[in-house]
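J.:
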Amino acid sequence: QVQLVESGGGLVQAGGSLRLSCAASGSVSSITAMNWYRQAPGKQRELVAALTAGESAYADDVKGRFTVSRDSAKNTVYLQMNSLKPEDTAVYYCNADWVRDGSSGDYWGKGTLVTVSS
Numbered sequence: 841q842v843q844l845v846e847s848g849g850g851l852v853q854a855g856g857s858l859r860l861s862c863a864a865s866g867s868v869s870s871i872t873a874m875n876w877y878r879q880a881p882g883k884q885r886e887l888v889a890a891l892t893a894g895e896s897a898y899a900d901d902v903k904g905r906f907t908v909s910r911d912s913a914k915n916t917v918y919l920q921m922n923s924l925k926p927e928d929t930a931v932y933y934c935n936a937d938w939v940r941d942g943s944s945g946d947y948w949g950k951g952t953l954v955t956v957s958s
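Numbering (my numbering), first residue to last: 841 to 958.
(1) Between W938, G848, R905, which has its C-alpha nearest S923's C-alpha?
(2) Just to confirm my understanding: we take W938, look at its own chain, exclude 5 residues before and 5 after, and list those with CB closer than 8 Å. What are they?
(3) So L891 and V908 are supposed to be a Cβ contact under 8 Å. How far apart are they, rounded?
(4) Pull the bridge partners of N875 from the DSSP assignment, please.
(5) Just the Cα atoms here: how many angstroms apart are L919 and E895?
(6) Would DSSP call E846 helix, strand or coil?
(7) At the level of alpha carbons, what is the spacing between A897 and A889?
(8) With DSSP as the reference, please indicate the residues paired to V852 in a beta bridge.
(9) Are the beta-carbon atoms of A864 and A936 separated by less than 8 Å?
(10) According to DSSP, is V930 part of a helix, a strand, or is it coil?
Encoded structure:
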C-alpha cells in the first residue's frame, strides 16, 4: 500500500505561483512513476505532469510554466506552478504508478484545490 497526501493548494491571482507537494508513504519502493492530474469543474481528469526515474513530461498547456520535481529523501514530489491562469483552476491530484511481484496498479491522493482568480 502507498499513501499519498497532497498539500499546497489555495487561492492565487492570475500570474502568480503555487507549489504543490505530494508526500508518499508506505511501499514507496514499488513506485515507478509519480504523476500530477487535475480535474476542473465539469471536465474530465487530465494528466498534467509525469515524473519517472529519469524523465519528466508535461501536458502541452502547462509546458514552460509547470515543473515537476522530487525529493527522494523525503519521498515527496512537487509541482511548481508559475504564471498561473484562471483555466488552471482545478482539483490537483497526486498519482503513483507501482509495480511489485508481477502486479501493477496506481494509487491516488485525495486532491488539493487550486483556484486562480482573474
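Yeah, the Cβ is synthetic: ideal placement off N, Cα and C, and Gly gets one too.
T.: Considering the structure as presented:
(1) Minimum Cα distance to S923 is reached at R905.
(2) Annotation for W938: V842, S867, S870, I871, T872, S944, G945, D946, Y947 place their beta carbon closer than 8 Å to its own, counting only its chain and skipping 5 residues before and after.
(3) The pair is a contact, with the Cβ atoms about 5 Å apart (cut-off 8 Å).
(4) DSSP output for N875 lists A890, N935 as bridge partner(s).
(5) Rounded to the nearest whole angstrom, the CA to CA distance from L919 to E895 is 14 Å.
(6) Here E846 carries a strand assignment [DSSP, helix/strand/coil].
(7) Distance between A897 and A889, taken at the CA atoms: about 6 Å.
(8) Looking at the DSSP assignment, V852 forms a beta bridge with V956.
(9) In contact: A864 and A936 (Cβ atoms closer than 8 Å).
(10) Inspection of the sequence shows that residue 930 is occupied by Ala rather than by Val. Here A930 carries a strand assignment [DSSP, helix/strand/coil].
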